[in-house]
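Here's the structure, in structure tokens; my notes come after.
Number of protein chains: 2
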Amino acid sequence: MDSAPRRLVELTTHESLRLLGCASFGRIVFTAQALPAIRPINHIVDGDAVIVRTHLGAATGDAVGVVVAYQVDEIDPVTHVGWSVTLTGIARQVHDPRDVARYQELLRPWVNGQRDEIIRIQPELVTGYRLTTDQGPG
Amino acid sequence: MDSAPRRLVELTTHESLRLLGCASFGRIVFTAQALPAIRPINHIVDGDAVIVRTHLGAATGDAVGVVVAYQVDEIDPVTHVGWSVTLTGIARQVHDPRDVARYQELLRPWVNGQRDEIIRIQPELVTGYRLTTDQGPG
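Sequence order for the protein chains is A and B.
Taken in order, the first sequence gives residues 414 to 551; the numbers are from the working numbering.
Taken in order, the second sequence gives residues 414 to 551; the numbers are from the working numbering.
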């Protein structure tokens, strides 16, 4: 129940990336018109990078890219036990035609007809934790 | 299935706030040390404001507050139908002792022993959408 005491256990980077790789979607966090923005989205993991298909504005198209966070969680709506993983890194548009074709095949957008690019997020920082009760793992 | 065509239907502000009020947790999006940050958290809705109990840094304690986003979704991990609601507004720490006491009673933190304040998010912007398949509502 919600009133049960809960502990927050930090996850290793390895375990965080494993959970991220198992999840089918997450949320990209970025800045849009100087305001914090968040968008649920599906992803794939390629090596140590997260690949998404969306449109975040012009800045991801240049060589510098933009800093974003990408977050995935699985939290029980009743007991609130579960886990959350967030990675922070530079988002850059993928330009190589072979990579674009491969990612487009693997990563189907949720909604057709919307403008999107293939974006690679290279994590610089990975944090994750598990919320558990003292009764056992969540 | 993931390959089924999906439509994105915009929700009214009223419907977005209703869904937010029914949800037991969401994610607060803010800036921490100049980086995008996101944290899953539980909330209550009081009037047209969202109340959370967390610590976002010193800036929420002053009169100006900080701009944050608060996001709630319910998306099926397999079919990816569902909905997402995001509100954007100023987060300010609640100082009135009676309000603090009332909110502390209503809003139990997930993890004990962590520093937190009562924070009121006054929405300036509410956006929501429903992802549905052509077969029917999600």
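From the three backbone atoms N, C-alpha and C, an ideal C-beta is built for every residue, glycine too.
In the structure shown, Q517(A) falls within a helical segment according to DSSP collapsed to helix, strand and coil. Inclusion of G434(B) and V458(B) in the CB contact set at 8 angstroms is warranted, their separation being smaller than that value. Residue pairing for H456(A): DSSP places it in a beta bridge opposite V465(A). In this structure, the beta-carbon distance from P449(A) to F438(A) does not fall below 8 angstroms.
Three or more Cβ pairs closer than 8 angstroms define a contact, and the stretch 523-538 of chain A falls short of that threshold against the stretch 485-498 of chain A. Cβ contact annotation for T473(B) (same chain, cutoff 8 angstroms, sequence separation greater than five): V479, A504, R505, Q506, E530 and I532, in chain order.
Residue contact check for A450(A) against chain B: a CB pair falls below 8 angstroms. Where G541(A) is concerned, there is no enclosing alpha helix (DSSP H), although the beta strand (DSSP E) around it starts and stops at E530 to T546.
Within chain B, the C-beta atoms nearer than 7 angstroms to that of V480(A) come from L448 and P449, in chain order. For T426(A), the enclosing alpha helix (DSSP H) starts and ends at T426 to C435. Taking C-beta atoms as the reference points, V442(A) and T545(A) fail to come closer than 8 angstroms.
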